[in-house]
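S.K.: Okay, so the sequence shown: first residue is 66 according to our numbering, each after it adds one.
Backbone N, C-alpha and C define an ideal beta-carbon position, used for all residues, glycine too.
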Amino acid sequence: MEIISSIIEMKKLAAHEEKSGKKIGFIPTMGFLHEGHLSLVDLLRDCSDLLILSIFVNPTQFGVGEDLENYPRNTTRDIELCRERGVDIVFIPQEKDLYLDDSSTFVSEEIASKKLCGLARPTHFRGVTTICAKLFNLCRPSFVALGQKDAQQIVVLKRMIRDMHFPIEVKVGPTIRESDGLAMSSRNQYLNSSQREDALLINRALEAGKSLVVKKGITNADRVKAELMSILRSGRFLRINYAEVVNCETMRVESEIQPGRSMLVVAAWVDSVRLIDNVKL
Ligand code: PAF
66 MEIISSIIEM KKLAAHEEKS GKKIGFIPTM GFLHEGHLSL VDLLRDCSDL
116 LILSIFVNPT QFGVGEDLEN YPRNTTRDIE LCRERGVDIV FIPQEKDLYL
166 DDSSTFVSEE IASKKLCGLA RPTHFRGVTT ICAKLFNLCR PSFVALGQKD
216 AQQIVVLKRM IRDMHFPIEV KVGPTIRESD GLAMSSRNQY LNSSQREDAL
266 LINRALEAGK SLVVKKGITN ADRVKAELMS ILRSGRFLRI NYAEVVNCET
316 MRVESEIQPG RSMLVVAAWV DSVRLIDNVK L
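(1) Distance, Cα to Cα, I245 vs H99?
(2) Does the region 216 to 235 come close enough to the region 295 to 308 that 3 or more CB-CB pairs lie under 8 Å?
(3) Roughly how far, in whole angstroms, is the beta-carbon of L116 from the beta-carbon of K87, given that I think they are within contact range, below 8 Å?
(4) Looking only at C-alpha atoms, which of C204, S259 and Q126 sits nearest to V335?
(5) On the DSSP bridge list, what partners appear for Y136?
(6) Which same chain residues end up closer than 6 Å to L184 when comparing Cβ atoms and leaving out the 5 residues on each side of it in sequence?
(7) Let me confirm a value: L346 is counted as buried when at least 16 other C-beta atoms fall within 10 Å, else exposed. Which label applies?
(8) DSSP three-state label for T284, please.
(9) Comparing C-alpha positions only, which one of Q218, S169, Y307 and Y164 sits nearest to S178?
(10) Run the CB neighbour count on N135, radius 10 Å, all protein chains shown included, and call it buried at 16 or more, exposed below.
(11) In this structure, what does DSSP give as the bridge partners for Y307?
(12) When the Cα atoms are used, what is the spatial distance from M75 to R224?
(13) Taking just the CA atoms, how far does L165 sit from M95?
(14) To the nearest angstrom, how far is it from the Cα of N306 to the Cα of L271?
(15) Name the two residues that bound the continuous alpha helix (DSSP H) containing G216.
(16) Is it buried or exposed, S85, if we count other Cβ atoms within 10 angstroms and call 16 or more buried?
(17) For F201, name the three-state secondary structure that DSSP assigns.
(18) Can you give the beta carbon distance from R150 to F97, rounded, assuming they're within the 8 Å contact cut?
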């Protein structure tokens with residue numbers, strides 16, 4: 066396994082591999098890796114001749130007052146996990162190289178990014194699409210793996226890839242959960258034990274909502290949302306940002322559930338920790 070931090074070196078190597086007909090698989094991450102990230106390595110292994118995983122805590126996707134400075138980092142451990150899992154290249158670029166001092170260009174998706182998380186975090190997705198466009202240009206992937214937990218990010222990035230004509234196929238890995246149901250996230254480590262109890266309500270609410278649809282055949286979105294809300298409201302430290310029924314492909318809010326095409330999405334703060342989760346119906 067190779068570790069590359071120079072963007073020039075990364076660009077040269079990826080262009081060379083691409084020219085010689087190799088298929089590159091790419092997993093963009095902000096590090097502090099967990100099984101959710103590492104399962105994406107498995108997802109791309111068979112279709113990729115070269116597997117690149119990037120680690121970069123991207124400042125432009127954090128809003129003012131968010132957790133950029135405190136975002137958990139452990140590069141030494143991340144590198145070891147990548148080695149064990151069979152990553153070929155860990156790309157750890159530097160901020161000064163990715164964002165020049167007088168950098169003045171952003172890539173912005175203008176529809177799917179404006180809803181849900183985009184309302185609470187108005188500059189977040191612009192940061193995600195901008196950094197991903199930069200990383201795609203440097204790493205030249207044929208395949209990019211993303212985790213289902215970040216459902217809106219998937220929709221936004223798929224649209225950006227399509228609209229900007231990146232020759233990339235997106236592969237989506239399932240949400241990986243802790244044994245108690247909590248969706249894995251680097252931010253889970255901020256939670257103390259009573260906050261974690263509240264965080265578990267998110268998955269509990271989603272499962273209760275899903276069971277109304279699957280077991281009782283309820284398709285009225287308000288009815289299902291009311292179930293989610295009543296469970297989420299029982300949390301002492303939990304503040305709901307949104308709990309919605311949306312279309313999986315567009316993230317548009319729906320009033321009538323279409324099994325196979327709708328999903329339940331939740332975002333909530335547990336104290337100051339913002340968590341998201343979803344379940345397909
Ligand atoms: O999902 C993430 O960790 C980030 O949003 C991503 C895709 C690595 C871009 O910084």
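M.R.: Reading off the structure:
(1) Rather than Ile, the amino acid found at residue 245 in this sequence is Asp. Distance between the alpha carbons of D245 and H99: 16 Å.
(2) Below 8 Å, too few C-beta pairs join the region 295 to 308 and the region 216 to 235 to call them touching: fewer than three.
(3) Not quite, the Cβ-Cβ distance comes to about 11 Å (not below 8 Å), so this is no contact.
(4) In terms of Cα proximity to V335, the closest of C204, S259 and Q126 is S259.
(5) Answer is none; Y136 lacks a bridge partner.
(6) So no residue of the chain qualifies.
(7) Counting the other CB atoms within 10 Å of its CB gives L346 a total of 16 or more, which places it among the buried residues.
(8) Residue state, collapsed to three classes: coil.
(9) Nearest in C-alpha terms to S178, of all of Q218, S169, Y307 and Y164, is Q218.
(10) N135 is exposed by the Cβ-count criterion.
(11) Beta-bridge pairing by DSSP links Y307 to A332.
(12) Just so you know, the alpha carbons of M75 and R224 end up roughly 25 Å apart.
(13) Between M95 and L165, the alpha-carbon positions lie close to 19 Å from each other.
(14) Going by the C-alpha atoms only, they are around 14 Å apart.
(15) According to the sequence displayed, residue 216 carries Ala and not Gly. Bounds of the alpha helix (DSSP H) holding A216 are A216 to D228.
(16) The residue is exposed, with fewer than 16 neighbouring Cβ atoms inside 10 Å.
(17) It is helical.
(18) Between F97 and R150 the Cβ distance is about 15 Å, and since that is not below 8 Å, they are no contact.
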